[in-house]
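Counting in the numbering used here, the sequence shown runs from 19 upward without gaps. Positions of the beta carbon are idealized from the N, C-alpha and C atoms, including for glycine.
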Amino acid sequence: MADIANIKVDELSDEQIKELVRRANEAGLSESELLQMAQVRGVPATEVEKLRIRLEKLSLTGSGTRSTATASKREPRSQADLNFIAQDILKFQPDFSGVKDEISAVFGSNLFYNKNRRLSFEPNLNMATPKNYVVGPGDMLYIDVYGQSEQYYEATVNPDGFLLLDNIGPVSVSGKTIEESTGIIRNRLSTYYSGLRGANPNTFLQVTLGNVRTIKVHLVGELRLPGTFTLSAFSSVFNALYAAGGPNDNGTMRNIKVIRDGKMVSTIDIYTFLVEGIASLDFQLRDQDVILVEPFISRVSVIGEVKRPKIFEVKENENFDQLLKYAGGFTDEAFRDRINVTRITGKERAVSDIYQNQFAIFSVKGGDQYTVGKVLNRFANRVQIKGAVFREGNYALTEGLTLVQLIRNADGVRGEANLERASILRTNEDLSTEVLSVNLRNILNGSQSDISLQREDVVRVSSIYDLKEEIYVQVTGEVRNPGTYPYSSEMTVEDLIVLAGGLREAANINDIEIARRLVNPEVGAFSELVPVQINADLSLRANPIAMAPFDNLIIRRKPNFTLEKLIQVEGQINSPGVFAVKSAQERISDVIRRAGGLTAFAYPKGATLIRRTEFYETESEQIRRQRNLSDLQQKMLLDPNNTEAQELLLARLFQDLGKTPALDAMETASASQSKRDAITGISETKSNLSPIKIKQTEAVAIDLESILKNPGSEYDLILEEGDIISIPRQLQTVRMRGDVVYPTTVRHESARGMKYYINQSGGFDNRANRKRTYVVYANGEVARTKSFLGLRVFPGVEPGAEVIVPTKGPRIPLRPGELVGISTGLATLLLISSQINW
Numbered sequence: 019m020a021d022i023a024n025i026k027v028d029e030l031s032d033e034q035i036k037e038l039v040r041r042a043n044e045a046g047l048s049e050s051e052l053l054q055m056a057q058v059r060g061v062p063a064t065e066v067e068k069l070r071i072r073l074e075k076l077s078l079t080g081s082g083t084r085s086t087a088t089a090s091k092r093e094p095r096s097q098a099d100l101n102f103i104a105q106d107i108l109k110f111q112p113d114f115s116g117v118k119d120e121i122s123a124v125f126g127s128n129l130f131y132n133k134n135r136r137l138s139f140e141p142n143l144n145m146a147t148p149k150n151y152v153v154g155p156g157d158m159l160y161i162d163v164y165g166q167s168e169q170y171y172e173a174t175v176n177p178d179g180f181l182l183l184d185n186i187g188p189v190s191v192s193g194k195t196i197e198e199s200t201g202i203i204r205n206r207l208s209t210y211y212s213g214l215r216g217a218n219p220n221t222f223l224q225v226t227l228g229n230v231r232t233i234k235v236h237l238v239g240e241l242r243l244p245g246t247f248t249l250s251a252f253s254s255v256f257n258a259l260y261a262a263g264g265p266n267d268n269g270t271m272r273n274i275k276v277i278r279d280g281k282m283v284s285t286i287d288i289y290t291f292l293v294e295g296i297a298s299l300d301f302q303l304r305d306q307d308v309i310l311v312e313p314f315i316s317r318v319s320v321i322g323e324v325k326r327p328k329i330f331e332v333k334e335n336e337n338f339d340q341l342l343k344y345a346g347g348f349t350d351e352a353f354r355d356r357i358n359v360t361r362i363t364g365k366e367r368a369v370s371d372i373y374q375n376q377f378a379i380f381s382v383k384g385g386d387q388y389t390v391g392k393v394l395n396r397f398a399n400r401v402q403i404k405g406a407v408f409r410e411g412n413y414a415l416t417e418g419l420t421l422v423q424l425i426r427n428a429d430g431v432r433g434e435a436n437l438e439r440a441s442i443l444r445t446n447e448d449l450s451t452e453v454l455s456v457n458l459r460n461i462l463n464g465s466q467s468d469i470s471l472q473r474e475d476v477v478r479v480s481s482i483y484d485l486k487e488e489i490y491v492q493v494t495g496e497v498r499n500p501g502t503y504p505y506s507s508e509m510t511v512e513d514l515i516v517l518a519g520g521l522r523e524a525a526n527i528n529d530i531e532i533a534r535r536l537v538n539p540e541v542g543a544f545s546e547l548v549p550v551q552i553n554a555d556l557s558l559r560a561n562p563i564a565m566a567p568f569d570n571l572i573i574r575r576k577p578n579f580t581l582e583k584l585i586q587v588e589g590q591i592n593s594p595g596v597f598a599v600k601s602a603q604e605r606i607s608d609v610i611r612r613a614g615g616l617t618a619f620a621y622p623k624g625a626t627l628i629r630r631t632e633f634y635e636t637e638s639e640q641i642r643r644q645r646n647l648s649d650l651q652q653k654m655l656l657d658p659n660n661t662e663a664q665e666l667l668l669a670r671l672f673q674d675l676g677k678t679p680a681l682d683a684m685e686t687a688s689a690s691q692s693k694r695d696a697i698t699g700i701s702e703t704k705s706n707l708s709p710i711k712i713k714q715t716e717a718v719a720i721d722l723e724s725i726l727k728n729p730g731s732e733y734d735l736i737l738e739e740g741d742i743i744s745i746p747r748q749l750q751t752v753r754m755r756g757d758v759v760y761p762t763t764v765r766h767e768s769a770r771g772m773k774y775y776i777n778q779s780g781g782f783d784n785r786a787n788r789k790r791t792y793v794v795y796a797n798g799e800v801a802r803t804k805s806f807l808g809l810r811v812f813p814g815v816e817p818g819a820e821v822i823v824p825t826k827g828p829r830i831p832l833r834p835g836e837l838v839g840i841s842t843g844l845a846t847l848l849l850i851s852s853q854i855n856w
C-alpha cells in the first residue's frame, strides 16, 4: 500500500469517494473533520482542496456531521483517535490489478488476498489500554488525578518523546510502557499533589491511552506488494501482511520474521492460525519494524481422498501425521491403511508406502507427493435379489446363506412370480460370470435341494408378465371413451363397452363387429371379422361373446344419424334468427317462407349467403356434447329446489365434465387438413405466386329475386350447416375505389352508366387500367369490363355496388443500356431492309 500522502484524488473513482465518506460517517467524522484528518496525515493541500471539490460535486457535503464542540474530552478511541481514523479511512486497497485473481493450489496463499478481501485483520480500537504498550511520539495520553485532589491532563507525546503538562513541564515517557509511564508521571505529579505519596495515599492517578499514533512498517521479501506501510500502533504482523497482500506463491508461510533494531524478535507461522486458530495478535509492531518473508522452506503435495488436496509447506522433522492435519484429514471414502508417496532421491524418483502405524514416525521431505486412494467400489459380503419378490435389493451374505433363506429375507415371492425358472448370476474369481438356472418351485417345496449362495451372487426371479407381450383390447366408434383397455380373461363385449363409458346416442347396436387377429393367417388375410349382437341396455345375455387378446371392437353409427343443423337469417326479414334445417332438401326459399318473408324495406338484389368452407373448424360431437352438459349443469346449479333425481344427475355431470373428452380416429381425421397442406405447398413452391389465404367462411352470391319467383330452381340453393342468409336494407349509393382521381361514395342514379360514376369521382387516374375495371355488386357477384371490336363495354351499376379501377403499377424508366440495345436492334433491322430492297 502506498503512503497516504501520495494519494491522487483525481485517480479515485466516485465509488471510492463515497466509500471514504461512508467510513468517515461510521467513525463519527463530519466532512470538515475528514478533510482535516487528510491534511494531518500528510495529504498535500492541493489534493485536500480537490477532495473538497469532489465531495461538493457528489452532494455529499454535510452528511454524517458531528459537532466537535459537543464531543466529550474523554470519548473512546473509536471516535477520538483522529489520526488513526484518518489512516484507516484513507488507506485504500493496494493496487492488485497486476496480480492474478485465481485460487492458488498452495494452502493458505489466499488468506490475505482474495477476490472479496473480507478478512482484513483490522485492529480493535475499543480494547483496554495494554499495560505493555510502548508509548511513542504521536500518542495522546489522558491523565486523571482524583481523590482529595482532582485534575485532568490531556497531552500528546511530541517528537522528542516528552509530554508537556500544563504548569508541570515536560515529562519523558517515550520508549516506556504504559505501566512505566504511569510511575514516572506519578513521581512527577507527587511534587504538586502530596496525596499521591506514601503507603496510604488519598489521591490517585490513572493514565489511559487516547489517540493511537501511527507507525511505519517495512515489508520486504516474497510478498505480493512489498513496501513501507503506515499502520496503527495496535497493528499486528497479520495487519501488515494483509496490507501487502500476503506472501506470494514463492514466499514462506511458516517462518515469517519480525526484525527490530537489526535483531529478529519474533517468527510467525501462519499455519498455526489456519489450522489451530492461534493468530499471535498480542505481539504488536513498533515503528520501523521490518517484516521479512523469505522463500518457502519445502513443499509437498497431497492429492486424493483428503479434505484439502493442496500443496503444503513443511518444516524439518515434521511427520506425515502433522501433514495430514494440515490437509484436514481423510474423507469418508479414503483408503486409510496405506498411503502412496513419490519421493525425489537425488537423480530420480522413488515410490514408497506408508502404513497406518507409521504415520507419526514417517518424516516428510520437500518434493514429496502423497496420494490417498479411495476404497474399492466392491462389496465384501453382498448378494442381490431382483424381480418378482416383495423386497428387491442388496442383502448381507451371512455364513451358510441359501437361496430359500434369501427369498425369505425378501419377504417371499410375489403372486406373478414364474416359479418354473429362476436364475443365479455368479461371479467367479477371475471375474467371469456364469448363470445357474433352477426350478424355484421344487426348491421352495423341498423336492429339490437348496443352493448355497456366494459373494456377489445376483438372484433373478422373473414375472410371468416379463416373459410375454402385454395384451390389450380396443374399442372404436360410437362409445363415450374410445381407445385401448387392458385385457382380462372372460371379458365380454358388454364389459368392454362399460369400460369405455357406454354407448353414444348415435351407436347402431345392430352393426357391431370384432376385428380379431388371425392366429395362423393365410396369404392375403389380415383379420377375422366377428359380428356381434348386444342389448341396448347392455344387459346379460345367454351366450355372450368373449373378447380375445388384441381384439378391436368396432361400433358404427346409425344410418342417416346427424345432429341438428342450424342456420341463421338476418337483416330485412320479418322473423330473423336461428332456424333448424328440417331436411336434406330444404332450400333458401323454404327458410325465407318460414321466417315470414321479406320486409317492405328489404333489398333482395343485395342478399348474400355466407357459407362455411371445407376449412371451417367445426366442433366434434363430443365437444358439443360437453358444452351442452356444462350448460345443463349451470342451469341446475341455479335452481335451489332440485329433486333427489336431479341431485344425482348433477353429481354425474360433475364427474363427466371432469374428464377430457376422448375423440376417436374417425372424428380427429380431417380431409380438409390434407387439402390445406396441398394448397400451402403450391404457394410455397411458386415464387411468383402470392400466399394463398385460406378462409373458413366465404360469401356466395345469390339472386334472391329469382329464388323467390321460382322456388326450387337452380338459383334456390340447398342449405347447409352454419349458413347465414343476410338481407340488407334498400341501398342508394355506389362506392368508387381504386385508381380514380378521388375515390369516394356517390349517390346511385338509375339509367346512369359506369362513365357517369367514374366522372363523379374525378375520372381515371394517369396509371388507371381502364379495360380491367370491374364491379362488385351488393350480393357478391362480380362483373368485368368487356371489349367488342375495339370498344369497351362497361358493366351496369346497381345500388350498393362497388366500382374498382385497377392500376397499371409504377412506370419503370428505361435504362441507358436498354436504350442502346433497342437503337442497335432498329439500326440492324433498317440495314437488312435496305439490302433486301437493293
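Residue range of the unbroken alpha helix (DSSP H) whose run includes residue i
{"i": "I161", "result": "First-last for I161: M158 to G165, but that is the beta strand (DSSP E), not the alpha helix (DSSP H)."}
{"i": "L207", "result": "I196 to L207"}
{"i": "S607", "result": "I606 to R612"}
{"i": "E294", "result": "I288 to E294"}
{"i": "L341", "result": "F338 to Y344"}
{"i": "I515", "result": "V511 to L517"}
{"i": "F256", "result": "V255 to A261"}
Residue range of the unbroken beta strand (DSSP E) whose run includes residue i
{"i": "M754", "result": "T751 to G756"}
{"i": "Q387", "result": "Q387 to V390"}
{"i": "R629", "result": "T626 to R630"}
Collapsed DSSP secondary structure at residue i in the structure displayed
{"i": "M565", "result": "coil"}
{"i": "A669", "result": "helix"}
{"i": "R770", "result": "coil"}
{"i": "L73", "result": "helix"}
{"i": "G411", "result": "strand"}
{"i": "L249", "result": "strand"}
{"i": "V230", "result": "coil"}
{"i": "F782", "result": "strand"}
{"i": "S212", "result": "helix"}
{"i": "D371", "result": "strand"}
Alpha-carbon spacing of residue i relative to residue j, whole angstroms
{"i": "Y164", "j": "E312", "result": "52 angstroms"}
{"i": "K404", "j": "V497", "result": "42 angstroms"}
{"i": "P148", "j": "K194", "result": "12 angstroms"}
{"i": "D468", "j": "N436", "result": "18 angstroms"}
{"i": "V382", "j": "S190", "result": "53 angstroms"}
{"i": "S316", "j": "T270", "result": "9 angstroms"}
{"i": "M684", "j": "I489", "result": "Per-residue confidence for M684 stands at a pLDDT of 45, beneath the threshold of 50, marking its modelled position as unreliable; the derived number appears in the next sentence. If I take the Cα positions, the gap works out to 24 angstroms."}
{"i": "R439", "j": "L485", "result": "11 angstroms"}
{"i": "M509", "j": "R409", "result": "32 angstroms"}
{"i": "R755", "j": "T803", "result": "15 angstroms"}
{"i": "I552", "j": "V493", "result": "15 angstroms"}
{"i": "S805", "j": "K773", "result": "15 angstroms"}
{"i": "H766", "j": "V838", "result": "52 angstroms"}
{"i": "T363", "j": "G384", "result": "11 angstroms"}
CB of residue i within 8 angstroms of CB of residue j, strictly
{"i": "V255", "j": "F301", "result": "yes"}
{"i": "P622", "j": "L517", "result": "no"}
{"i": "N797", "j": "G589", "result": "no"}
{"i": "D157", "j": "L249", "result": "no"}
{"i": "P188", "j": "P155", "result": "no"}
{"i": "Q603", "j": "I736", "result": "yes"}
{"i": "L207", "j": "L223", "result": "yes"}
{"i": "V759", "j": "V823", "result": "no"}
{"i": "I425", "j": "D475", "result": "no"}
- Taking 8 angstroms as the threshold, find out whether the stretch 585-599 comes into contact with the stretch 712-729 through three or more Cβ pairs. Touching, no.
- Would you call the stretch 522-530 and the stretch 559-569 touching, i.e. three or more CB-CB distances under 8 angstroms? Too few Cβ pairs lie closer than 8 angstroms, so no.
- Message: Does the stretch 238-249 come into contact with the stretch 212-222, if we say contact requires no fewer than three beta-carbon pairs (one atom in each stretch) closer than 8 angstroms?
- Response: Contact between the stretch 238-249 and the stretch 212-222 is absent: fewer than 3 CB-CB pairs across the two stretches fall below 8 angstroms.
- Query: How about the stretch 323-331 and the stretch 388-400: do they share at least three Cβ pairs that are nearer than 8 angstroms?
  - Reply: As far as the Cβ criterion goes, the stretch 323-331 touches the stretch 388-400, which means the pair count is three or higher.
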